Every structure is written in C-alpha cells, then in structure tokens.
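**Student:**
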Amino acid sequence: MFDYLIGDIVDVRPDCVVIEQQNIGYQLITPNPYLFHIGNHVKIFTYLYVKEDAFLLYGFSEKDERLMFQRLLSVNGIGPKGALAILASTTPVLLVQAIEEENEALLIRFPGIGKKTARQMILDLKGKFKEFESKVNVNLFSAGERAAIDAADALADAMEALRALGYAEKEIKKVEKILQKESGTTEEYVKKALRMFMGNI
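The opening residue of the sequence shown carries number 0 in numbering that gives the first Met the number 0; numbering runs sequentially from there.
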C-alpha cells in the first residue's frame, strides 16, 4: 500500500517517529528511533502490518532493513517486536552473514533469540538472500552507512542516543571508551554499542 514516505521528522519517541507529509503526521515504528532527529527531511521505506485489532506502519531508513524485517516475520517464533529488536542491534548484511554461515553462536546473541529460534532462522532463511550476495563479506558494516561526518561528533550523537534509550551513564562511558578507538557513523556506533551491551565484545 505504502512504499515510502518523504517528509519532515516532527517527533521522536522511544518506539517510533512521526513524519509529517502534506499536513498529515504518520507514526512509524522503527528499529532505532533516536537515529532520527526532529527537523530532518527524510525518506523512510514503509511496511504496513495488519492484525485483527490494528494497522501498524513500520519505517526503515533503507530497503535492506525493510526486506530483512519481512524475511524475519516469515520465521516461526519471530513477530514484529522481535524483528525490530534484532534490526536495532545489527545490520542486515551481518545478519545474512550469520545465517548463511549457520553461525548460531552469533544469532543467539540477538535479543529474544534462543537456540531453537536461531536454528529455525537458518532453516527458513538460508539461501534466500540473493539481494545481498554482492554485499556479504565486502565492507560488512557498510549497509545503511550515512553521509560521512566527523567521527567525534558521530560518537557524541551516538552516546546521546544511548542515554535517550535509558542506558546508565556508567555503561555508556564504558562503551564510549572502547568506541573512541574506532571510526564510524552515528548509526554504526549505536549498533556496536548495543552489541556490547549484549555481551558481544
């Protein structure tokens, strides 16, 4: 029904953003809302999820994220909330890499994924990612990379996003010290930090 929306971010909430287009505000549930900023003019790819009592509109900064969200929903045991939690803590390319290599040890580190679900993901999805063939093993974390910005500013923005998500200052300082040795965009820093909080350091 909707493929994407182009408009201005007018509100950022813990689980969603609101984008205004032609005087209509669309509430979009998205993996990492705090990667968006009020006032930004953005293009967000959408997915309409229909259930008995609600029509929910999900938003993604990239087509790859939306595609991965749809594929995850096809796995028995993974619903929209679970799929979003996984996407919030990794990139589609890394997830494809783990599935194709049958890396259960990595998969079970994602939120809500146990051994049974990890095995189900591999059974249901392995070999079904032709769209990612040219990306896997090449610049593994480049999917979704935004315009290059100063590394120090990007790290500072990422730490603010983690504070907004409710992480303790002590935890934030710990990962900030580690990430200071690396370079990346705000999105990459946030995802790396989330993986660290999951114990993947």
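We put the beta carbon where it would ideally sit given N, CA and C, even for glycine. What you are looking at is a predicted structure, and each value in this text was computed from that prediction instead of being measured.
(1) Report back the beta-carbon spacing between Thr29 and Gly58 to the nearest angstrom; my notes put them in contact at under 8 Å.
(2) Between Lys115 and the rest of its own chain, which residues show a CB-CB distance below 8 Å, the 5 nearest in sequence each way excluded?
(3) So, does the segment 37-55 touch the segment 154-161, judging by three or more C-beta pairs under 8 Å?
(4) Could you tell me whether the Cβ atoms of Pro91 and Met120 are closer together than 8 Å?
(5) Assign Glu170 to buried or exposed, taking buried as 16 or more other Cβ atoms, counted over all protein chains shown, within 10 Å of its Cβ.
(6) So, Ile43 versus Val11, is the Cβ gap smaller than 8 Å?
(7) When you compare the CB positions of Ala153 and Thr185, do they come within less than 8 Å of one another, or not?
(8) Can you check whether the CB of Lys125 is closer than 8 Å to the CB of Glu103?
(9) Can you tell which of Ala167, Ile18, Tyr188 has its C-alpha closest to the C-alpha of Ile177?
(10) Use the C-beta contact count for Phe1: other C-beta atoms within 10 angstroms, 16 or more gives buried, fewer gives exposed.
(11) Measuring CA to CA, which of Phe128, Val49, Gln179, Lys191 is closest to Gln96?
(12) Give the straight-line distance between the Cα atoms of Gly6 and Val41, rounded to the nearest whole angstrom.
(13) By Cβ distance, which residues of its chain are closer than 7 Å to Gly113, with the 5 residues on each side in sequence left out?
(14) Check Gly143 in the structure and name its three-state DSSP category.
(15) Out of Ala151, Val74, Ala192, Glu181, state which residue places its alpha-carbon closest to the alpha-carbon of Ala167.
(16) Taking just the CA atoms, how far does Leu71 sit from Arg65?
(17) So, helix, strand or coil for Val137, using DSSP?
**Tutor:** Short version:
(1) Rounded, the Cβ-Cβ distance is 5 Å, consistent with contact.
(2) By the criterion of a C-beta distance shorter than 8 Å, Lys115 is surrounded in its chain by Gly76, once the five residues flanking it on both sides are discounted.
(3) Verdict: no, contact absent.
(4) Between Pro91 and Met120, the C-beta spacing is not below 8 Å.
(5) Around the beta-carbon of Glu170, fewer than 16 other beta-carbon atoms lie within 10 Å, marking it exposed.
(6) Going by C-beta atoms, Ile43 is not nearer than 8 Å to Val11.
(7) Cβ distance < 8 Å, so Ala153 and Thr185 count as in contact.
(8) No.
(9) Ranking the options by Cα distance to Ile177, first place goes to Tyr188.
(10) Flag for Phe1 reads exposed.
(11) When only C-alpha atoms are compared, the closest one is Phe128.
(12) Val41 has its alpha-carbon roughly 6 Å from the corresponding atom of Gly6.
(13) Cβ-Cβ distances below 7 Å link Gly113 to Ile107 in the same chain, with the five nearest sequence neighbours on each side left out; the list follows chain order.
(14) With a pLDDT of only 42 at Gly143, under 50, the local geometry of the prediction cannot be trusted, and no value is derived from it.
(15) Of the candidates Ala151, Val74, Ala192, Glu181, the one whose C-alpha sits nearest the C-alpha of Ala167 is Ala192.
(16) Between Arg65 and Leu71, the C-alpha separation is close to 10 Å.
(17) Confidence is the limiting factor: at Val137 the pLDDT is only 41, short of 50, which leaves the residue's position unreliable, though a coordinate-based value still follows. Note: Val137 maps to coil in three-state DSSP.
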